[in-house]
Structure formats: C-alpha cells, structure tokens
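The opening residue of the sequence shown carries number 22 in the working numbering; numbering runs sequentially from there.
Using N, Cα and C, we set each Cβ at its ideal position, and we do this for glycine too.
Here the structure is laid out as structure tokens; the discussion comes afterwards.
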Amino acid sequence: MSAQLSLLVLISASLGQTELDSADWPQWRGPNRDSQVTSGDWPDSLSEDHLKTLWQVDLEPSYSGPIVVGSRVFVTETRDRSHEVVKAFDRHTGQQLWNVEWPGAMSVPFFAKANGDWIRSTPACDGSRLYVAGMKDVLVCLEVETGTEVWRKDIAEEFDTGLESFGFVCSPLIDGDGVIVQSSAGTIKVNKLTGELVWRMPDAELGMMGGSFSSPIIATLAERRQLIVQTRQEMMGLDPDAGEQLWSKSIPAFRGMNILTPLMIGDQVFTCTYGGGAHMLSMDRTDQGFEVRQVWETKMEGYMSSPVLVDNSIYVHLKNQRLACVDPLSGKERWRSKPFGKYWSMAVNGDHILALDERGELLLIDADPNQLIVLDRRMVSEEPAWAHLAVSGNHVFVRSINHLTVFEMKQ
Numbered sequence: 022m023s024a025q026l027s028l029l030v031l032i033s034a035s036l037g038q039t040e041l042d043s044a045d046w047p048q049w050r051g052p053n054r055d056s057q058v059t060s061g062d063w064p065d066s067l068s069e070d071h072l073k074t075l076w077q078v079d080l081e082p083s084y085s086g087p088i089v090v091g092s093r094v095f096v097t098e099t100r101d102r103s104h105e106v107v108k109a110f111d112r113h114t115g116q117q118l119w120n121v122e123w124p125g126a127m128s129v130p131f132f133a134k135a136n137g138d139w140i141r142s143t144p145a146c147d148g149s150r151l152y153v154a155g156m157k158d159v160l161v162c163l164e165v166e167t168g169t170e171v172w173r174k175d176i177a178e179e180f181d182t183g184l185e186s187f188g189f190v191c192s193p194l195i196d197g198d199g200v201i202v203q204s205s206a207g208t209i210k211v212n213k214l215t216g217e218l219v220w221r222m223p224d225a226e227l228g229m230m231g232g233s234f235s236s237p238i239i240a241t242l243a244e245r246r247q248l249i250v251q252t253r254q255e256m257m258g259l260d261p262d263a264g265e266q267l268w269s270k271s272i273p274a275f276r277g278m279n280i281l282t283p284l285m286i287g288d289q290v291f292t293c294t295y296g297g298g299a300h301m302l303s304m305d306r307t308d309q310g311f312e313v314r315q316v317w318e319t320k321m322e323g324y325m326s327s328p329v330l331v332d333n334s335i336y337v338h339l340k341n342q343r344l345a346c347v348d349p350l351s352g353k354e355r356w357r358s359k360p361f362g363k364y365w366s367m368a369v370n371g372d373h374i375l376a377l378d379e380r381g382e383l384l385l386i387d388a389d390p391n392q393l394i395v396l397d398r399r400m401v402s403e404e405p406a407w408a409h410l411a412v413s414g415n416h417v418f419v420r421s422i423n424h425l426t427v428f429e430m431k432q
C-alpha cells in the first residue's frame, strides 16, 4: 500500500465516516436541507403502474421523517408514551436490521397536546453514525451498522436549562466534524465523534421561548459561509466553526411560531412566519461586519410547511392551507390555490413537486409560475402523515403515524 493511500485510510478511520451518495436522503429535507432531489426522473402519474407499493411495516407513533442512507432507512417512534425507539430497515425488503430504545417521552402542552406528544426531530446521518434528538433534549449518537450507542448528551441537564415546553423539535445538522442543534440551551455544536461541546450560543430567552421549532441550515451570504438559525423571535447568522454571531434580525411570530426552515435563494434568505408575515433578507459586508437588508416584506403567513424553490419561483404552503407561488424578487404572489390540507411536506425534482399532506394524500405537481397544475393525486395513507416525506433514487418513503410505506417510482 502506498504512503498516500495509507494516509487516506487513516484519515477516513479517524473521521469514522462513510461517503454519502448524492441519492441519499440523510437528514431533514434531504442532502442540502432544501428538499431538492437530483437523481432520477419522476413519472407524470401516481398510479400503481408508476408508483408501486414495495412494502409496509407497522410502527409506533412519531412525527419525525425517515432518512435513507445506502441500503438502510431509519425511523423513530414513541412507545407506550414512555420510551423513544430508533429502528433500521433494509430499504428494499423492509427487513428490520436493528432496534434501540431509551426512556424519554414527555407530555406537551396546549393545542399541541391534541395532536400527540410523540418524538418530533428527524435524525441525521454521516454514513457511519446516526444522530437522534429525543424529546427531553437528549442527543444520542448511534452506529449505523448495529445501532450501538456511541455517546449520549443530556443538554438540559448539562446546562441546567429545563426542558423545552414542546420538546426537542430541531433536526440535527452535521457540519464537518460537528453536529449542530437548537435546544433548550440555545444553539450548540458538539464534536460528532465524542459529543463534547465545541461552542454554545444561548437564545435571548429560554424555557417557554427557548429552543426552536425550526432547524438550521448552512449557507453562504455576502461571501461568508454561515449557519442560519431561526429562533422563536429572530433570525441569526453564526460562524459555524466558532459560534460567533455575525448578524441578527427580528422575525416576530405569534407565540414564537417560527416553524419552517429558511430557504436560500442565491445570496438571500426567505422565511414566512405564523403572524409575522413573509421576509426576504440580504446581507452587505461593512467595515463593522454585516448589515442586514430587508429586500421585501409581505403579510403572507406561513405555518409548519417549509418552502421550496423551482426555477425562479418560491412555492410555500400557507397557514390558510393554500399553496402560493411567489416571485422571489418582489414578494408578489403569482397565484394562490384553493385550500388543501393543513400541512404539506414537499420534494422537488426538476419542475415537478411531490407534496404529501397530513391526511395522507400525495400530489404530483407541475411547477408552473402561471397556474397550479396537479398532474395526479393519490391517497397513500389511511391515517395522518405529518412526518416529512423522503425521496431517495426511485423510492418514496411515507411515514404516517403508525406505518412506514415505501413506494417505487417508474416511468
């Protein structure tokens, strides 16, 4: 073995990471956390001939989406309202490969209680390790092959913050050798191999207004690589390596319900809040650092559904249950549809959008800036499906409250 090859093997072993494939869906909203699918072509129909049911398994309840890496699909559950469970399945056959669990469920308050208090965060995977956030602010690292626990971090206990009222909602973000989450202790980055703290940026308020309903993204703004964090009442840009705050902008929302994941559009960032309107932000570099500019603001209200970008249009499912097509340059709505479900999760491939609503209906949409074009629609679940759908290669993964169903797409 050559010296160069030996060095590569040692580096790979020290990182403990297997190369991810571009077709994997390894985290919340896919490879880049923007719901974009770059492999394979989708059909123009959702009939059984074009969307064939491969297999289905029974599961306990969960709101977190499935993730897919290589030949494995990972899901979470809440068992008996007392334990949180992680399971791995063979994506082709549905055979269960392993199962791990820990005590960790909690009760949520107010209107959220009626919809269940099951685990919410979607795991993330680097190819070798799986990172799972439990409801009680516990971040757990598991080996992909066996489910063996590598480390566990009880964030609320370590920082003496108390639990978030609605549980650990943020989905972990893997960045280099670290894992980043928004928690009761604010935004933190830990070493992904050991769980040791790298940095911490506390939120302005903790407890009821602490943590986050949203999940962070990595983006480049004003030629600076940044961690974009949306808390309950503001958006911030942080240095992902050091945790230093680069800028912040107040983004008010009713009861702090900044829920959706921000969307990058070139050198700008879009968000849409419950009660606080829609915002397009841009950054300028100055001698003092960064200056935030509000490109536009409208009264359009989002809710839980994260937006997607197709060509030069934003597609966002709104609080009033309608889908809107928005011009990213002006904020003007090009069109707004009739009401659909309360919630959509979406994936994009070229000019096609797959949208799953909370009733279990899957819609195939031709993204047209002039009008809504629904190519086909099909009920894919007889029970609620609040978890984000996943698409990997020619497989579609639908996690309903008590099942995981896998479909194969064919032209």
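Proximity to residue i [Cα-Cα], best of the options
| i | options | result |
| --- | --- | --- |
| Phe95 | Ser402, Leu163 and Gln251 | Leu163 |
| Gly216 | Leu75, Val153 and Gly258 | Val153 |
| Asp181 | Leu118, Ala206 and Val159 | Ala206 |
| Asp389 | Lys363, Val369, Gly381 and Ser402 | Val369 |
| Leu151 | Asp55, Lys363, Pro193 and Ile272 | Pro193 |
| Trp407 | Asp378, Met430 and Gly414 | Asp378 |
| Gln432 | Glu69, Leu41, Gln48 and Met325 | Glu69 |
| Ser366 | Leu339, His409, Ile209 and Arg54 | His409 |
| Cys413 | Val401, Ser402 and Val427 | One point to set straight first is that residue 413 is Ser, not Cys, in the sequence displayed. It is Val427. |
| Gly371 | Arg50, Asn415 and Trp63 | Trp63 |
| Leu118 | Thr167, Val89, Ile272 and Ile176 | Thr167 |
| Met325 | Asp45, Ser402, Trp220 and Ser233 | Ser233 |
| Met278 | His300, Arg253 and Val200 | Arg253 |
Bridge partners - residue i, DSSP secondary structure assignment
| i | result |
| --- | --- |
| Pro360 | Arg343 |
| Cys162 | Tyr152 and Trp172 |
| Ala411 | Phe418 |
| Gly258 | Ile249 and Trp268 |
| Gly298 | Thr294 |
| Val78 | Leu425 |
| Tyr336 | Val329 and Cys346 |
| Pro52 | None; Pro52 has no bridge partner. |
| Leu383 | Leu377 and Arg399 |
| Arg93 | Val90 and Asp111 |
| Thr99 | Glu105 |
| Glu318 | His300 |
| Phe234 | DSSP output for Phe234 lists no bridge partner at all. |
Residue i classed as buried or exposed, judged by whether at least 16 other C-beta atoms fall within 10 angstroms
| i | result |
| --- | --- |
| Ile394 | exposed |
| Glu185 | buried |
| Pro144 | buried |
| Lys213 | buried |
| Met321 | buried |
| Ser235 | buried |
| Leu67 | buried |
| Arg102 | exposed |
| Arg246 | exposed |
| Phe275 | exposed |
| Leu72 | buried |
| Leu350 | exposed |
| Ala263 | exposed |
| Lys359 | exposed |
| Asn341 | exposed |
| Ala376 | buried |
| Gln203 | buried |
| Asp224 | buried |
| Glu81 | buried |
| Pro124 | exposed |
| Ser402 | buried |
| Gln251 | buried |
| Thr294 | buried |
Own chain partners of residue i with C-beta closer than 8 angstroms, once the 5 adjacent residues on each side are dropped
| i | result |
| --- | --- |
| Asp288 | Thr241, Leu242, Ala243, Ser303 and Met304 |
| His113 | Leu75 and Ser92 |
| Ser269 | Glu255, Met256, Met257, Gly258 and Val313 |
| Phe43 | Residue identity differs from the one stated: residue 43 is Ser in this sequence, not Phe. Once the five neighbours on either side are set aside, the close Cβ partners of Ser43 are Pro52, Thr59 and Ser60. |
| Glu404 | Gly381, Ser421, Ile422, Asn423 and His424 |
| Trp220 | Ile209, Lys210, Ala263 and Gly264 |
| Asn391 | Arg355 and Trp356 |
Close beta carbons around residue i, own chain, < 6 angstroms, minus the five adjacent residues each side
| i | result |
| --- | --- |
| Ser327 | Leu281 and Thr282 |
| Thr97 | Ser83, Ser85, Val107 and Ile140 |
| Glu354 | Ala345 and Val347 |
| Pro261 | Asp196 and Leu248 |
| Arg54 | Ile238 |
| Leu41 | Pro47 and Gly148 |
| Arg399 | Leu67 and Leu383 |
| Val165 | Ser149 and Leu151 |
| Trp49 | Thr143, Ser192 and Ser236 |
| His373 | Trp63 |
Cβ shell of residue i (< 7 angstroms), same chain only, five flanking positions each side left out
| i | result |
| --- | --- |
| Asp79 | Asn423 and His424 |
| Met127 | Asp138, Met156, Lys157, Leu184 and Gly188 |
| Glu265 | Leu259 |
Complete runs of the beta strand (DSSP E) confined to the stretch 182 to 212 [at least 3 residues]: Here the runs fully enclosed are 194 to 196, 199 to 204 and 207 to 212.
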